[in-house]
Amino acid sequence: MNRQLAQILSYAFHPGVMPTLGLFLLLQGDNYLKYSIGATTKNFLYLIIFLNTYLFPALIVLIMRYRNAISSLQLIDRKERVIPMAVASFFYLLTYLLIKKLTLPGVLSDMFFGLALSVFAVFFITLRYKISAHMTGIGGLIGAFVGFQVLFGAQLAPWVVLLVLVWGVIGTARLKLEAHSNGQIVAGSMLGFTCIFFSILAGLG
Numbered sequence: 002m003n004r005q006l007a008q009i010l011s012y013a014f015h016p017g018v019m020p021t022l023g024l025f026l027l028l029q030g031d032n033y034l035k036y037s038i039g040a041t042t043k044n045f046l047y048l049i050i051f052l053n054t055y056l057f058p059a060l061i062v063l064i065m066r067y068r069n070a071i072s073s074l075q076l077i078d079r080k081e082r083v084i085p086m087a088v089a090s091f092f093y094l095l096t097y098l099l100i101k102k103l104t105l106p107g108v109l110s111d112m113f114f115g116l117a118l119s120v121f122a123v124f125f126i127t128l129r130y131k132i133s134a135h136m137t138g139i140g141g142l143i144g145a146f147v148g149f150q151v152l153f154g155a156q157l158a159p160w161v162v163l164l165v166l167v168w169g170v171i172g173t174a175r176l177k178l179e180a181h182s183n184g185q186i187v188a189g190s191m192l193g194f195t196c197i198f199f200s201i202l203a204g205l206g
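According to the numbering used here, the sequence shown holds residues 2 to 206 in order.
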């Protein structure tokens, strides 16, 4: 994998994309979520999740770059990640609270509680250490699908296999860009998986 491809993959599988992608894939499967949420509600969910978990945080990063508050959009420097992660934490918490107030299956609020928890954890870890937000994102997505599989017996195994392959591709890309060490890749993956998997199983939301 060359650096250009690694950069493209890092943008394509940005951690902010994972919540929208995950919800979309879950609602395509033959499971009770697909049939318990109406089309209008689905579209509203896609909108608020995309805005809050990707677009708004990304705009803040773009503004910071324009004002030279950060040296690059890749946020390679750990210290430059602190404010963007704080902003992301706020928007992810807001997303969870909005979903909690809607009349939706409780497991969705469980999933987004775990998601918000993982982002807050990345923020606090970033104050002292560097951890891969990309791997936290894909690890959390895998955790969500495994959680649904265990809890409801949903036929999600093919998706889990595909997501594990994507996990490998993203991890390879981040290493190729020298954005993270092996330890940071593993730590991010475990953090994302653990937060969302156990949040779904324990009904924490």
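A virtual CB, placed ideally from N, CA and C, is assigned to each residue, including glycine.
Applying the criterion that 16 or more other CB atoms from any shown protein chain within 10 Å of the CB defines a buried residue, is residue i buried or exposed?
i: R175; result: buried
i: V108; result: buried
i: S37; result: exposed
i: Q185; result: buried
i: T41; result: exposed
i: M86; result: buried
i: V123; result: buried
i: Y55; result: buried
i: S182; result: exposed
i: G172; result: buried
Can you tell me where the alpha helix (DSSP H) with residue i in it begins and where it stops?
i: E81; result: 79 to 102
i: N3; result: No alpha helix (DSSP H) holds N3; DSSP gives it neither H nor E.
i: Y67; result: 57 to 67
i: H135; result: 134 to 153
i: F14; result: Counting along the chain, F14 falls outside any alpha helix (DSSP H), and DSSP gives it neither H nor E.
i: K73; result: The sequence shown places Ser at residue 73, rather than the Lys named in the question. Where S73 is concerned, there is no enclosing alpha helix (DSSP H), given that its DSSP letter is neither H nor E.
i: L28; result: No alpha helix (DSSP H) holds L28; DSSP gives it neither H nor E.
i: L128; result: Looking at the DSSP string, L128 is not in any alpha helix (DSSP H), and its letter there is neither H nor E.
i: N44; result: 40 to 51
i: L34; result: 33 to 37
Give me, in chain order, the residues of the same chain whose beta-carbon lies closer than 8 Å to that of residue i; leave out the 5 immediate sequence neighbours on both sides.
i: L95; result: N53
i: V165; result: I143
i: R79; result: T127, Y130, K131
i: L28; result: L34, K35, I38, K43
i: A117; result: S90, Y93, L94, T96, Y97
Since residue i and residue j should fall inside the 8 Å C-beta cutoff, what is the C-beta to C-beta distance between them, to a whole number of angstroms?
i: E81; j: S90; result: In fact, because the Cβ distance is near 16 Å, the residues do not count as touching under 8 Å.
i: S190; j: F114; result: Going by Cβ atoms, the distance from S190 to F114 rounds to 20 Å, so no, they are not a contact pair.
i: Y33; j: F153; result: 7 Å
i: I49; j: L99; result: 6 Å
i: A77; j: A180; result: Ala is not the amino acid found at residue 77; the sequence shown has Ile there. Contact holds; Cβ gap of about 6 Å.
i: G140; j: W160; result: With 8 Å as the limit, G140 and W160 do not qualify as a contact, their Cβ atoms being about 15 Å apart.
i: V120; j: L202; result: So it is not a contact: roughly 19 Å between Cβ atoms.
i: G148; j: F198; result: 5 Å
i: L24; j: L46; result: 6 Å
i: M65; j: K177; result: About 25 Å; that fails the 8 Å criterion.
Please list, in chain order, all residues of the same chain as residue i whose beta carbon is under 7 Å from its beta carbon, the five residues on each side excluded.
i: P16; result: A134, H135, T137, G138
i: M19; result: G138, I139, G141, L142
i: I57; result: In the sequence on display, residue 57 carries Phe and not Ile. Result list for F57: F92, in chain order.
i: A59; result: G17
Whole alpha helix (DSSP H) elements within the region 148 to 187, 4-residue minimum | You should have 158 to 177.
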